[in-house]
């Protein structure tokens with residue numbers, strides 16, 4: 137069964153919560169989340185959007201802990217590591233450790249998990265910073281709820297933005313690369329009767345030929361994406377593939393065609409789109425959207 141990384145944790149134990157269809161890989165507990173009772177240590181991991189610090193509101197838990205501040209990203213890219221950090225204060229009168237269940241709830245099927253967070257003992261009046269490093273493999277809005285603190289942190293998990301020539305690796309282990317875009321007002325093709333024909337674009341129009349490579353990185357054979365899952369975006373509008381006579385070198389888009397390849401094999405070819413003649417490559421974005429039984433993803437390429 138295919139295994140996917142669901143959560144990578146450091147300093148938290150997140151257990152259970154099998155994904156629908158296939159289970160996620162086991163959480164890894166690296167162990168720098170249990171900080172000193174007197175020193176604040178930095179959080180682990182990075183995020184790729186602005187984080188929010190502060191918060192907590194001075195609320196005190198029943199067992200005498202106060203959330204002093206938080207450092208949580210607002211948005212991260214799917215599959216990339218980010219950190220969630222909390223600064224806690226012991227406002228009680230004896231040394232004790234803070235412990236709470238953590239619920240992780242995404243908006244895709246089978247994305248719920250439950251685990252535990254725990255610090256070392258904190259002296260009365262002292263603070264400690266607890267942090268954990270996480271990943272999430274799908275586009276989603278994910279809620280991380282710290283039960284004892286009655287706090288929920290919502291993180292927007294976005295798809296990946298790339299430049300032409302860069303590869304995006306999906307949760308299903310397909311590596312998709314949009315290699316380049318060529319704009320032209322004509323193309324040549326070979327009709328079945330032989331010879332060669334030249335086709336000119338209509339007035340005010342041109343074709344964009346997008347070169348696509350899809351590679352199976354999974355250890356077993358699987359079916360690669362259809363060309364119709366790949367869209368050209370112009371000014372925020374999606375453009376569907378053009379039905380043109382040229383076939384040589386085309387990415388196989390026939391839904392009944394054989395797109396199943398062995399591990400390590402790939403398909404490369406072009407997809408054609410008809411667009412306005414005054415459009416440049418700088419105006420174009422190529423998007424691939426996909427999904428499986430556990431969630432969905434998107435990747436976008438531009439100049």
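Residue numbers (our numbering): 137 to 439.
Ideal placement from N, C-alpha and C gives every residue a C-beta, glycine not left out.
According to DSSP, which residues form a beta bridge with residue i?
| i | result |
| --- | --- |
| residue 320 | 343 |
| residue 264 | 224 |
| residue 312 | 304 and 350 |
| residue 426 | 433 |
| residue 360 | BP columns for residue 360 are empty, so no partner. |
| residue 233 | 257 |
| residue 438 | 299 and 421 |
Tell me which residues share the same chain as residue i and place their Cβ nearer than 6 angstroms to its Cβ, disregarding the 5 neighbours each side in the sequence.
| i | result |
| --- | --- |
| residue 437 | 298, 300, 314 and 422 |
| residue 404 | 349 |
| residue 321 | 337 and 342 |
| residue 235 | 254 |
| residue 439 | 417 and 418 |
| residue 119 | This structure leaves residue 119 out entirely; the chain is present only between 137 and 439. |
First and last residue of the beta strand (DSSP E) that includes residue i?
| i | result |
| --- | --- |
| residue 292 | 287-294 |
| residue 412 | 402-412 |
| residue 282 | 276-282 |
| residue 304 | 303-305 |
| residue 369 | 366-370 |
| residue 271 | Here residue 271 belongs to no beta strand (DSSP E), and DSSP marks it neither H nor E. |
| residue 373 | 373-375 |
| residue 333 | 333-336 |
Quick check: residue i and residue j, are their CB atoms within less than 8 angstroms of each other?
| i | j | result |
| --- | --- | --- |
| residue 252 | residue 240 | no |
| residue 203 | residue 285 | yes |
| residue 309 | residue 345 | no |
| residue 356 | residue 435 | no |
| residue 375 | residue 411 | yes |
| residue 381 | residue 409 | no |
| residue 431 | residue 276 | yes |
| residue 228 | residue 278 | no |
| residue 339 | residue 370 | no |
| residue 433 | residue 274 | yes |
| residue 197 | residue 222 | no |
Leaving out the 5 sequence neighbours to the left and right, which residues in its chain are closer than 7 angstroms to residue i when beta-carbon positions are compared?
| i | result |
| --- | --- |
| residue 257 | 173, 231, 232 and 233 |
| residue 171 | At residue 171 the pLDDT is 32, less than 50, meaning the model places this residue with poor confidence; the figure from the coordinates comes in the next sentence. So the qualifying residues of the chain are 177, 255, 256, 264, 265 and 266. |
Could you pull out every residue in the same chain whose Cβ sits closer than 8 angstroms to the Cβ of residue i, ignoring the five residues on either side in sequence?
| i | result |
| --- | --- |
| residue 238 | 148, 150, 250, 251, 252, 253, 280, 281, 282 and 283 |
> Is the number of C-beta pairs between the stretch 365-373 and the stretch 330-338 that are closer than 8 angstroms three or more?
Replying inline: The stretch 365-373, when compared against the stretch 330-338, does not touch it at the 8 angstroms Cβ threshold.
> If you pair each beta-carbon of the stretch 205-215 with each one of the stretch 285-295, do three or more pairs fall below 8 angstroms?
Replying inline: A contact exists between the stretch 205-215 and the stretch 285-295.
> Would the stretch 412-420 and the stretch 354-362 be scored as touching if the rule is three or more Cβ pairs under 8 angstroms?
Replying inline: No contact exists between the stretch 412-420 and the stretch 354-362.
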